[in-house]
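What follows is a single structure, written as structure tokens, with notes after it.
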Amino acid sequence: MTSPAVITAALLIASTAACGGDDTSISDSGSDSGSDSGSDSGSDSGSDSDSGSDSSVGADADAAVDLPPTVMVTAPTDSAFAQSFDVAVVIADEDVDSVTLDVTTSDAILFPAGSLVVSGTGANRTVTATSAANEIGTATLTFTVTDTATQTGTTTADVDIYVHRTATGVVFTGTAATDVPASIGADNAGNVYLCGHTGVGAGALAVAEKFDLAGASSWAVSLTAPLGNIGRECGVTGDGWLAFATQLKPSGSSNAQETGLYTWDPAGVPVVGQNYQAGGVESYGRTAVIAADGSVYELSLTVANDVELVKFSGAGALLWERTVVQGGPATRATTLVIGPGGNIWALGYGEGTLRDGDLVDHATMDVDGFFAVYAPDGTLRDFELVGGAGDDYLMRVAFYDGAFYLAGATSGVLDTALIGTRDWFVQKRSAIATVSWTKQGGRAGATSGAQGLAMGHDGVVYITGTAAITVGSDSKVHITALASADGSQLYSQEYGEAGQFTAGSDLVYSGRDLIVAGATNGDLDGITPSLGGDDAFILFVDPTDGTIR
7 MTSPAVITAA LLIASTAACG GDDTSISDSG SDSGSDSGSD SGSDSGSDSD
57 SGSDSSVGAD ADAAVDLPPT VMVTAPTDSA FAQSFDVAVV IADEDVDSVT
107 LDVTTSDAIL FPAGSLVVSG TGANRTVTAT SAANEIGTAT LTFTVTDTAT
157 QTGTTTADVD IYVHRTATGV VFTGTAATDV PASIGADNAG NVYLCGHTGV
207 GAGALAVAEK FDLAGASSWA VSLTAPLGNI GRECGVTGDG WLAFATQLKP
257 SGSSNAQETG LYTWDPAGVP VVGQNYQAGG VESYGRTAVI AADGSVYELS
307 LTVANDVELV KFSGAGALLW ERTVVQGGPA TRATTLVIGP GGNIWALGYG
357 EGTLRDGDLV DHATMDVDGF FAVYAPDGTL RDFELVGGAG DDYLMRVAFY
407 DGAFYLAGAT SGVLDTALIG TRDWFVQKRS AIATVSWTKQ GGRAGATSGA
457 QGLAMGHDGV VYITGTAAIT VGSDSKVHIT ALASADGSQL YSQEYGEAGQ
507 FTAGSDLVYS GRDLIVAGAT NGDLDGITPS LGGDDAFILF VDPTDGTIR
């Protein structure tokens with residue numbers, strides 16, 4: 007965000023007669039309802055030091071004059087992407103000119119000193135709130151009215167204000183070559199990190215790029231290798247550390263591949279940059295994450311069809327390595343997540359017999375997904391298969407309110423029916439082996455999947471992926487929302503030009519924005535990409551209905 011967001015609160019002052027003299031009827035009609043609104047569904051209290059009781063101020067005929075002023079606040083409702091909020095405040099008092107208005111904030115970072123300015127006198131006043139640059143979030147603004155003439159007390163009312171990022175629409179990024187974004191993440195400040203690769207073969211470059219709240223690039227790195235470096239997924243911490251997994255060919259005289267691992271601190275300074283053979287053989291990095299203690303975990307697939315999990319120190323020293331799965335030719339590693347309690351969740355899929363880290367064999371039905379849960383010391387805590395008859399591909403896991411959610415693609419029937427040739431699926435589990443519900447969806451004749459999964463602050467489940475009529479040439483990115491309680495579909499949107507290639511690769515929920523990554527060779531949101539080949543894109547989406555902001 008290159009300039010601060012400006013929020014204007016309009017304050018309306020009324021007399022006792024206009025408000026009926028009721029100093030306890032304080033209401034807040036703004037609602038949140040899981041949208042991007044900065045409203046507060048709770049009611050604002052208007053209690054005063056005299057408890058609003060006539061007996062507390064005496065029984066003479068002039069008692070009403072001595073009552074404290076009262077305040078009624080109607081919180082703003084943010085229906086789209088609003089940086090300006092009107093807050094209606096009604097103050098009841100016999101002498102409104104003697105009433106002062108003060109506004110304070112619960113978040114001095116979002117609204118620093120001098121950012122809340124009260125202007126005007128009498129019945130019409132304005133509070134101008136200017137949020138700090140490069141900050142998003144929610145702050146409670148407390149409006150305090152005081153009758154300075156009678157000194158009868160003060161009354162307060164609270165309003166929650168939400169400040170969005172300023173980025174909207176679509177941002178294209180990449181090179182003149184084919185761009186393949188693999189993952190997107192965000193830190194607590196709302197900065198967005200896009201990782202993947204551009205180019206093919208020996209010219210492939212692993213690329214990581216950071217974007218600020220305005221959608222502008224803050225920094226970008228391109229990682230080379232003698233015969234190519236293919237960037238896979240990144241993991242982002244809340245304070246802005248980044249870990250990036252790649253697969254590269256480090257020798258100019260050999261096609262043998264190794265796993266690459268790179269990390270950066272929040273300022274974009276490189277910390278770790280190394281390559282190695284996972285399992286002691288040729289390997290391909292898939293995803294990397296950084297834990298709360300600074301240790302780094304990376305997931306790789308080997309030439310032997312094994313999935314390997316490796317733990318490093320923050321400086322890149324090897325701590326331990328575990329074989330998650332010994333599989334067959336269809337085995338893949340998909341993602342790695344730090345879950346509740348600091349446990350490490352490794353996901354993938356395979357066919358035939360999958361032998362877990364405790365050397366226990368698991369027989370799949372066709373292709374099945376799997377997840378393995380490890381303690382930070384490398385102990386295998388759980389291993390489960392996900393799927394049924396038909397091929398099932400497990401791609402993502404997310405956590406909310408004690409449950410966890412799995413997402414991917416299926417060519418079978420995990421819900422009631424197969425809709426396309428392949429559908430997306432989402433499954434909620436209340437415990438490791440306890441399924442609460444499973445939903446699948448797509449469209450007739452299409453190959454669909456869930457490549458990205460995110461949870462909203464209110465528990466809404468969001469997925470993205472590709473709905474392809476002709477794989478690689480006629481496809482669209484889909485964005486779908488489900489209710490966490492029962493999996494019912496709230497909406498599904500598709501974007502992309504007919505007959506063109508548009509794919510969704512991942513999404514992240516950040517600052518009550520839904521941010522989707524993908525690639526296209528056609529128009530998107532009325533904008534024609536001009537970088538060449540398939541261009542990477544970032545979409546800033548309203549999570550309430552899936553429309554592009």
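Read in order, the letters of the sequence shown correspond to residues 7 to 555 in our numbering. Using N, Cα and C, we set each Cβ at its ideal position, and we do this for glycine too.
7 Å Cβ cutoff met for residue i and residue j
i, j, result
"G524", "G510", "yes"
"H203", "G258", "no"
"V313", "G354", "yes"
"A413", "A369", "no"
"E390", "V373", "no"
"T160", "T154", "no"
"G384", "R449", "no"
"G644", "Q280", "The first residue shown for the chain is 7 and the last is 555, placing residue 644 beyond what the model contains."
"S454", "A473", "yes"
"G394", "L360", "no"
When the options are compared against residue i, the one with the closest alpha-carbon
i, options, result
"V165", "L200, G205, S112", "S112"
"T592", "L424, T154, H463, S259", "The chain is shown from 7 up to 555; residue 592 falls before or after that span and cannot be answered."
"N527", "G493, L488, K482", "K482"
"V309", "G279, T265, T472, A249", "T265"
"A220", "V176, A262, T553", "V176"
"A222", "D551, T550, P549, L545", "L545"
"Y168", "V93, V466, T156", "V93"
"D388", "M371, G375, A404, I438", "I438"
"Y399", "W225, A297, D193, A339", "A339"
"M461", "R402, A415, V441", "R402"
"D562", "I344, T337, P346, N349", "What the structure shows of the chain is the stretch from 7 to 555, and residue 562 is not part of that stretch, so it cannot be assessed."
"F543", "A474, T453, V186, H463", "V186"
"I296", "G345, Q499, S289, G426", "G345"
"G451", "S228, T184, V467, T476", "T476"
"G348", "V331, A381, T359", "A381"
"V467", "Q499, K434, V441", "K434"
"P256", "D245, Y282, V277", "Y282"
"G478", "V95, T184, N261, T110", "T184"
Residue i classed as buried or exposed, judged by whether at least 16 other C-beta atoms fall within 10 angstroms
i, result
"G180", "buried"
"S490", "buried"
"D218", "buried"
"N130", "exposed"
"Y411", "buried"
"P351", "In the sequence on display, residue 351 carries Trp and not Pro. Counting Cβ neighbours within 10 Å, W351 comes out buried, since at least 16 surround it."
"P335", "exposed"
"D540", "buried"
"I195", "The sequence shown places Ala at residue 195, not Ile. That one is buried."
"G333", "buried"
"W430", "buried"
"D492", "exposed"
"Y497", "exposed"
"P549", "buried"
"S121", "buried"
"A504", "exposed"
Distance between beta carbons of residue j and residue i, contact taken as under 8 Å
i, j, result
"V514", "G191", "5 Å"
"L267", "G291", "7 Å"
"C201", "F149", "So it is not a contact: roughly 44 Å between Cβ atoms."
"S301", "K317", "6 Å"
"A163", "V77", "5 Å"
"Y303", "L342", "6 Å"
"A487", "G447", "Actually they are not in contact, since the Cβ atoms of A487 and G447 sit about 11 Å apart, beyond 8 Å."
"V105", "P75", "5 Å"
"V330", "A378", "5 Å"
"A273", "L254", "A273 to L254, Cβ: 25 Å. No contact."
Cut-off 6 Å between Cβ atoms - residues of its own chain near residue i, not counting five sequence neighbours on either side
i, result
"S417", "G396, D397, R428"
"G458", "T470, D512, L513"
"T146", "S112, D164, D166"
"S125", "T132"
Contacting residues, own chain, Cβ-Cβ under 7 Å from residue i (five flanking each side not counted)
i, result
"I115", "A138, E141"
"L248", "Y199, A214, C240, V242, T269, W270"
"A210", "H203, G234, N235, I236"
"A173", "L219, A220, G221, F546"
"R171", "M7, I142, G196, L219, G517, D519"
"G207", "G234"
"P118", "A138"
"G465", "Y406, D407, S490"
Same chain only: Cβ atoms within 8 Å of residue i, ignoring 5 sequence neighbours per side
i, result
"S536", "F178"
"G502", "S481, K482, V483, T508, T526, G528, L530"
"G408", "S436"
7 Å Cβ cutoff, residue i in contact with chain C
i, result
"T132", "No chain C is part of this structure, which consists of one protein chain only."
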